[in-house]
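So this note's numbering is basically just the index in the sequence shown, starting at one, shifted up by 382.
The beta-carbon is built from N, C-alpha and C at its ideal position, and this holds for glycine as well.
Nothing here was measured: the structure is a model prediction, and the numbers come from that model.
Structure first, then comments.
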Amino acid sequence: MATYPNAEWRPLAAGSPGAPMDAHDIVCVHTMVGFLAGTESMFRENGWAGTESHLGVGGPADGALDGTVYQWVDTDDQADANLQGNHRLISIETSDGGDEKNPWSDAQLDAITGIIVWACQTYDIPAELIADSTAGQRGIGYHRQGIDPWRVAAGEKWSNSNGKVCPGDVRIAQLVDTIIPRVQAQVSGSGSGTVSTALILDAISPDAGVAGDQVVLTGSGFAPADGVSFGGVWVETWTIDSDSQITATVPEPNASGSVSVAVSTPDATSDGVWFSYADSSTPPSPPTSSLTLSFIGPDTSTAGSQVVLTGSGFLAANGVSFGDVWVDTWTIDDDSQITATVPEPVTSGSVWVSVSSPDATSDSISFAYEE
Ligand SMILES: [Zn+2]
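Okay, here's the thing in structure tokens:
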């Protein structure tokens, strides 16, 4: 019996599905073009016969079930979602509310990552994208790799529904760009059998303050955390309240402005969230006229380089500032674009950039000086 520990075990019928897996080579993601409950009742109609996947992940269209994982088939046994691949694939269906163009939600990304980490560790599956559906490929894949016309000639056929895009371009991009890197960060020594939830830092509250303040970090996978950093400064006083919450005392900064806060475990570092040290980095007050700044590109660079600011109301501009430094060389290209030369900073790290006119200051956008 093999079930994912964070899944709700919901077998489709009594007894066993019958055919054991020959191998566990690939974790394959699907999209439901539907909802979790509807997919489950379709799977349940014929018990162990007919179509079903091993696991299913609810989405935003399922309300409170967003990120909930159901397991319908034991991963020791075959599920019937991948035709010729059933004998060696673990299948994960994911809710999309009826449109495969909907991206996975944050909760779904966390849930899918958790399942794949578990599968890679339990079955020693490489945490990498498979090239195609041919025999011998082992890793993480998606349904379309075995569907014509995307299937390579020698590949296993994973569906007879030619042209089925499952799980769709948006979700394939998320698998490659977000999920697989997260899985790789968390799988250390595959086959170790260790189950870990995804290390995710969602929020910091409050997100501004001064050294010595207490802040609460929320996310998931905090249990094995061994460090919290604010802009590269390790926090001395912090507590793991639960797997989803850490309380930390804001350390003395080594720079003014906004810093990226991250949680580390022995195996991974979370994404960063921003924290602003209040004395020097409070963003200027909101705009009082139609002067807006919406984009700076690039947003990371060095003094002396050129950046382009995009927004509106720029014809009235009489100044551009990076932190507390006014820009010497800048040009109003038109009412929605300014080109500026990045000034020498007074501190390292990130600064707030804004555009000023005689009677207004724009919103601020963060710009980071490259070290
Ligand atoms: Zn599919």
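Check: residue i C-beta below 7 Å from any heavy atom of ligand 1
i: His469; result: no
i: Ala372; result: Residue coverage of the chain in this structure runs from 383 to 753, which leaves residue 372 outside it and unanswerable.
i: His406; result: no
i: Cys548; result: yes
i: His525; result: yes
i: His436; result: no
Residue of the options minimising C-alpha distance to residue i
i: Ser515; options: Gly537, Gln503, Pro508 and Cys502; result: Gly537
i: Gly613; options: Pro633, Thr621 and Leu511; result: Pro633
i: Val728; options: Ser744, Tyr751 and Ser746; result: Tyr751
i: Val455; options: Ala493, Gly496 and Met403; result: Met403
i: Gln503; options: Asp462, Tyr659 and Val565; result: Val565
i: Ala501; options: Gly467, Thr450 and Thr385; result: Thr385
i: Ala463; options: Ser423, Ala446, Trp708 and His436; result: His436
i: Leu491; options: Ile561, Ala389 and Asp444; result: Ile561
i: Leu673; options: Asp706, Ile408 and Ser746; result: Ser746
i: Gly445; options: Tyr452, Val534, Leu465 and Gly479; result: Gly479
i: Thr723; options: Asp710, Pro648 and Ile628; result: Asp710
i: Ala517; options: Gly496, Arg470 and Ser543; result: Arg470
i: Gly639; options: Gly467, Gly416 and Ser748; result: Ser748
i: Leu418; options: Gln453, Val547, Gly429 and Ala431; result: Gln453
i: Gly467; options: Val409, Asp488 and Thr421; result: Val409
i: Trp394; options: Pro387, Met383, Ser423 and Val415; result: Going by the sequence as given, residue 394 is Leu instead of Trp. It is Ser423 whose Cα lies nearest to the Cα of Leu394.
i: Pro563; options: Gly429, Ala509 and Gln596; result: Ala509
i: Gly701; options: Thr721, Val499 and Pro588; result: Thr721
i: Ser477; options: Gly429, Met414, Thr631 and Ala396; result: Met414
i: Val592; options: Ala660, Ser739 and Val645; result: Ala660
i: Asn544; options: Ala555, Asp530 and Ala535; result: Asp530
i: Phe604; options: Arg520, Asp649, Ile472 and Gln719; result: Asp649
i: Ala493; options: Gly601, Thr631 and Asp595; result: Gly601
i: Ser676; options: Pro588, Asn542, Thr421 and Ser694; result: Ser694
i: Gln556; options: Ala396, Asp488 and Pro387; result: Asp488
i: Ala389; options: Ile498, Ser624 and Arg426; result: Ile498
i: Ser730; options: Ser738, Pro635 and Asp716; result: Pro635
i: Val641; options: Asp589, Ala443, Ala535 and Thr421; result: Asp589
i: Arg392; options: Gly521, Gln627, Gly432 and Thr450; result: Thr450
i: Gln568; options: Arg426, Thr495, Ala630 and Trp540; result: Thr495
i: Trp616; options: Thr629, Pro606, Val643 and Asp625; result: Val643
i: Asp595; options: Thr631, Ser626 and Gln627; result: Thr631
Whole-angstrom C-beta distance between residue j and residue i, which should lie under 8 Å
i: Leu581; j: Leu599; result: Not a contact, Cβ separation roughly 12 Å.
i: Gly440; j: Asp448; result: 6 Å
i: Thr743; j: Ser732; result: Their Cβ separation, rounded to whole angstroms, is 18 Å, which puts Thr743 and Ser732 out of contact at 8 Å.
i: Ile714; j: Ala699; result: 6 Å
i: Ile507; j: His412; result: That pair is no contact at about 17 Å.
i: Phe704; j: Pro725; result: 5 Å
i: Val645; j: Val610; result: 5 Å
i: Ala401; j: Asp459; result: 7 Å
Unbroken beta strand (DSSP E) run spanning residue i, endpoints
i: Gly748; result: Note that residue 748 corresponds to Ser in the displayed sequence, not to Gly. First-last of the beta strand (DSSP E) with Ser748: Ile747 to Tyr751.
i: Val534; result: That residue, Val534, is in no beta strand (DSSP E); it is neither H nor E in DSSP.
i: Glu422; result: Counting along the chain, Glu422 falls outside any beta strand (DSSP E), though it belongs to the alpha helix (DSSP H) covering Leu418 to Glu427.
i: Cys410; result: Ile408 to Val411
i: Ala493; result: Careful: Ala493 lies outside any beta strand (DSSP E), inside the alpha helix (DSSP H) at Asp488 to Tyr505.
i: Ile720; result: Gln719 to Thr723
i: Ile472; result: Leu471 to Thr476
i: Trp734; result: Ser732 to Ser739
i: Trp430; result: Unbroken run through Trp430: none, as it is neither H nor E.
i: Gly609; result: Gly609 to Phe612
i: Trp712; result: Trp712 to Asp716
i: Leu691; result: Gln688 to Ser694
i: Gln596; result: Gln596 to Ser602
i: Ile622; result: Trp620 to Ser624
i: Gln519; result: First-last for Gln519: undefined, no H or E at that position.
i: Ala461; result: Careful: Ala461 lies outside any beta strand (DSSP E) and carries neither H nor E.
i: Gly372; result: No statement about residue 372 is possible, as the shown extent of the chain runs from 383 to 753 and does not include it.
i: Ser587; result: Ile582 to Ser587
i: Val451; result: Val451 to Gln453
i: Gly467; result: Neither: Gly467 is in no beta strand (DSSP E) and is coded neither H nor E.
i: Val643; result: Ser640 to Ser646
i: Gln368; result: This structure cannot speak to residue 368, because the chain is shown only from 383 to 753.
i: Gly438; result: Leu437 to Val439
i: Ile678; result: Thr674 to Gly679
i: Tyr659; result: Val655 to Tyr659
Start-to-end residues for the alpha helix (DSSP H) that takes in residue i
i: Ile562; result: Ile562 to Gln568
i: Val552; result: Asp551 to Gln556
Closer than 7 Å: residue i CB and nearest ligand 2 heavy atom
i: Val558; result: Ligands displayed in this structure: ligand 1; ligand 2 is not among them.
How about the segment 480–498 and the segment 545–555: do they share at least three Cβ pairs that are nearer than 8 Å?
yes
Contact between the segment 522–529 and the segment 618–625: three or more CB pairs below 8 Å?
no
Between the segment 652–662 and the segment 688–702, do three or more beta carbon pairs fall short of 8 Å?
no
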